[in-house]
Each structure stands twice: as C-alpha cells, then as structure tokens.
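Quick notes on the structure that follows.
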Amino acid sequence: MDDKSLLLTEKEKADVKSTAFCFRSSKEKLDVGIRKEVDGMGAPEIKYGDSVCFIQHVDTGLWLTYQSVDAKSVRMGSVQRKAIMHHEGHMDDGLTLSRSQHEESRTARVIRSTVFLFNRFIRGLDALSKKAKSSTVDLPIESVSLSLQDLIGYFHPPDEHLEHEDKQNRLRALKNRQNLFQEEVAFLVFPLILHI
Numbered sequence: 001m002d003d004k005s006l007l008l009t010e011k012e013k014a015d016v017k018s019t020a021f022c023f024r025s026s027k028e029k030l031d032v033g034i035r036k037e038v039d040g041m042g043a044p045e046i047k048y049g050d051s052v053c054f055i056q057h058v059d060t061g062l063w064l065t066y067q068s069v070d071a072k073s074v075r076m077g078s079v080q081r082k083a084i085m086h087h088e089g090h091m092d093d094g095l096t097l098s099r100s101q102h103e104e105s106r107t108a109r110v111i112r113s114t115v116f117l118f119n120r121f122i123r124g125l126d127a128l129s130k131k132a133k134s135s136t137v138d139l140p141i142e143s144v145s146l147s148l149q150d151l152i153g154y155f156h157p158p159d160e161h162l163e164h165e166d167k168q169n170r171l172r173a174l175k176n177r178q179n180l181f182q183e184e185v186a187f188l189v190f191p192l193i194l195h196i
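No gaps in the numbering here: position 97 of the sequence shown is 97 in the UniProt record's numbering, and each next residue is one more.
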C-alpha cells in the first residue's frame, strides 16, 4: 500500500497487518484516553441499516475512498472509480450496512467456495503446464466436477407444477442468484475454459 492503492490479495499471501480494516461511525480522530462522561447523545454506535459508517485500515489509519476522476474522462463515457486508501477521503465515503437475507448469504457462500476451488484448479493447471509431464500435480478434478453439479442444481429453474405466485418468487430469486454469481464468478470461468 505504498502508493495508497487497494489490492486484492490471495489468502495464502495475506497477513493481518496489511489486510485488517474496521468500521468507524465517523472520521473523527479517536481519543485514546478514557472519558468519564459522554457528552450529548452518548457514544456513537453502528447499527445495521440505520447508520452510515466508514472503513479504515487498522495499521495505517488510512480511509477507504475512491480516486477522483477528471471532468474530461467523465464526459467521454462511463468511468469506474478506483478504490484507494487516503488520509482524509471524500465526504460521500460513507456506507450503510445491512444484513443479508438467507438467499444472499447462501449465494455468497456458493460464490466463495466456487472462487476458491476454481482458483485452486487454475493454479494446478498452470503448474502442470510449467512442469515436466512426468511430475505429478494435484488437480481437484473430482471436486470441480461435484461443484459444477451443485451449481447446475443451484441454478435449476423451479418446477412447472408450482403455483403461479410461488413459481414467480422462485424465478425472481433465481434471476438474482444468476446476476450476483455472474458478476462475481464469470471472470474465473473464462480462464478455466481457456486452460482446458
């Protein structure tokens, strides 16, 4: 984080010092001394769906924010903002936390396990292509096969014999799962296909 950019790190290379973040209710400096009386409405706390909070890197004290884009880039088309770490940040860096519903939580678990498994499989394929053909590499082929079967079941459309309203609800949930999964995992499937 020398250049204050935010990077994704593989689990094996991550350490607590560089990857620990915390939620703060404001960007005010923390008092290290103990206050006997709290003025006003009491100590600030973060509540799901009710509070705006900010994300701070624990070790450096930098805030998660975005890099400003120049006006010329904005006029030329849609520009994605780059996440960076900054000592002050912007006024609109606040986030509202909300608890995930059962369906979103389940989809997140499926995404995490699939990403982990596919990354492991791709690393194994890369190692296999770099090593001599006589050396052995542990490819989780059976796990990938089972994962793909689970995904087929997970994305299977609802049965035709369901009542109309129940079927519509399940179709809506399926569409949400597909969209979320596509956003998060599609970038892994293409390299996997290219390797095979």
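Note that beta-carbon positions come from the ideal geometry of N, C-alpha and C, so glycine has one too.
The model shown is predicted, which means the values in this text are computed figures rather than measured ones.
inquiry  = Judging by CA-CA distance, which residue of 173, 52 and 59 is the nearest neighbour of residue 102?
reply    = By one-based count along the sequence shown, residue 102 stands at place 102. The candidate whose alpha carbon is nearest that of residue 102 is 173.
request  = Just confirm the distance between the C-beta atoms of residue 84 and residue 56, as a whole number of angstroms; I'd bet it's less than 8 Å.
outcome  = Position 84 of the sequence shown holds residue 84. Position 56 of the sequence shown holds residue 56. Contact doesn't hold; Cβ gap of about 13 Å is too wide.
task = Go ahead and label residue 60 buried or exposed: buried means 16 or more other beta carbons lie within 10 angstroms of its beta carbon, across all protein chains shown.
result = The sequence position of residue 60 within the sequence shown is 60, counting from 1. Classification of residue 60: exposed, given that the 10 Å Cβ count is below 16.
task = Could you tell me the distance, in whole angstroms, from the CA atom of residue 150 to the CA atom of residue 158?
result = One-based indexing of the sequence shown puts residue 150 at position 150. One-based indexing of the sequence shown puts residue 158 at position 158. The alpha-carbon atoms of residue 150 and residue 158 are separated by roughly 15 Å.
Integer Cβ distance of residue 25 from residue 45, believed to fall under 8 Å = Walking along the sequence shown from the start, residue 25 turns up at place 25. Walking along the sequence shown from the start, residue 45 turns up at place 45. 7 Å between Cβ atoms; contact.
request  = Kindly list the residues whose CB is nearer than 7 Å to the CB of residue 98, restricted to its own chain and excluding five residues on each side of it in sequence; keep chain order.
outcome  = Sequence index remark: in the sequence shown, residue 98 carries index 98 (1-based). Counting only Cβ-Cβ distances below 7 Å, and skipping sequence neighbours, we find 48 and 49.
inquiry  = Can you look up residue 86 in the DSSP assignment and give me helix, strand or coil?
reply    = Position 86 of the sequence shown, counted from the start, is the residue given in the question as residue 86. Residue state, collapsed to three classes: strand.
ask   = So what's residue 1 in DSSP terms, helix, strand or just coil?
value = Here residue 1 is taken as the residue at index 1 of the sequence shown, counted from 1. Because the pLDDT at residue 1 is just 46, under 50, the model does not fix this residue reliably, and the point stays unresolved.
request  = Could you pull out every residue in the same chain whose Cβ sits closer than 8 Å to the Cβ of residue 185, ignoring the five residues on either side in sequence?
outcome  = Residue mapping note: residue 185 aligns to position 185 of the sequence shown, counting from 1. So the qualifying residues of the chain are 111, 114, 115 and 118.
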